[in-house]
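Accompanying notes for the structure given below.
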Amino acid sequence: AQSVAQPEDQVNVAEGNPLTVKCTYSVSGNPYLFWYVQYPNRGLQFLLKYITGDNLVKGSYGFEAEFNKSQTSFHLKKPSALVSDSALYFCAVRMMDSNYQLIWGAGTKLIIKP
Amino acid sequence: DGGITQSPKYLFRKEGQNVTLSCEQNLNHDAMYWYRQDPGQGLRLIYYSQIVNDFQKGDIAEGYSVSREKKESFPLTVTSAQKNPTAFYLCASRRLAGENEQYFGPGTRLTVT
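Chains S and C, in that order, are what the protein sequence lines are.
Add 1215 to the 1-based position in the first sequence for my numbering, that's all there is to it.
Add 154 to the 1-based position in the second sequence for my numbering, that's all there is to it.
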């Protein structure tokens, strides 16, 4: 079965420190992977995606993610966290069928402390 | 929120009443989606549509209905048959060509008492 896992419900990081939000997946064939961010009571905003090519993908707001095929992971990273990065982060993977549906992780709450 | 509007932002209804949530996009996207979000869970797909006058059920379509009479509009009706309708509802759209990301509206929080 195809699935996405975000193993941490919450991640706490001090401002200025590097942050990592983890995502692992299980899909048939080559995955297309996405990260989104959601601020309280708002819709989701696209951060970045991996389709093909360089395993390190750079996105909005200084975020980047590394695709690791052998570990089936797509962890979100940022070198120096800001308090304003505090939000809910979702990883998603496209299903390998014709309907282009996404499978979503449960989300990780990121808390950046001053 | 990328040219997608959802209204209203907050909606309150009594149990047993049908309610329709609006979703409009001016991005000229072919595909539109409705998701339900509950605390501690990922997004769950209710319905999606890739073309006008056509739509498919997602994972949790029971108790919901949709229509796609115009490319820019994809309203969702939460019927009285939906057992737990209180949730945050998100509409999204995307261009079909290529691996394009979905763009989301600001959401509607529905409370049924």
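All C-beta atoms, glycine included, are put in the ideal place defined by N, C-alpha and C.
This one's a predicted model, so the numbers in the text were calculated from it and none came from an experiment.
Could you tell me which whole beta strand (DSSP E) segments of length 3 or greater appear in the segment 1252-1278 of chain S? 1259-1265 and 1271-1273
*Taking all protein chains shown into account, do 16 or more other C-beta atoms lie within 10 angstroms of the C-beta of S1299 (chain S), making it buried, or fewer, making it exposed?*
exposed
request  = Following the continuous beta strand (DSSP E) through H1290 (chain S), name the residue where it begins and the one where it ends.
outcome  = S1288 to K1293
- Task: Using the DSSP secondary-structure output, state which residues sit across from Q210 (chain C) in a beta bridge.
- Result: C:Y202
Discussion item. Is there a C-beta anywhere in chain C that falls below 8 Å from the one on K1264 (chain S)?
Written reply: yes
Is the shortest distance between the beta-carbon of G1320 (chain S) and the beta-carbons of chain C less than 8 Å? yes
With H, G and I counted as helix, E and B as strand and the rest as coil, what does DSSP make of V1298 (chain S)?
helix
- Within the same chain, show all residues whose beta-carbon is closer than 7 Å to that of D1224 (chain S), passing over the 5 residues directly before and after it, in chain order. T1323 and K1324
Do L1234 (chain S) and K1292 (chain S) have their C-beta atoms closer together than 8 Å? yes
To which residues of the same chain is K225 (chain C) closer than 6 Å at the C-beta, ignoring the five residues directly before and after it?
V206
Can you find a CB in chain S that lies within less than 8 Å of the CB of I157 (chain C)? It should be pointed out that residue 157 (chain C) corresponds to Gly in this sequence rather than to Ile. Chain S, which has no Cβ nearer than 8 Å to the Cβ of G157 (chain C), makes this no.
Next item on the list: Enumerate in chain order the residues of its own chain whose CB-to-CB distance from R263 (chain C) is below 6 Å, with the five nearest sequence positions on each side excluded.
Entry: Y164 and F242
How many Å lie between H183 (chain C) and C177 (chain C) at the Cα?
13 Å
Check your understanding: So is Y1240 (chain S) in contact with chain C if we call contact Cβ pairs under 8 Å?
Key -> no
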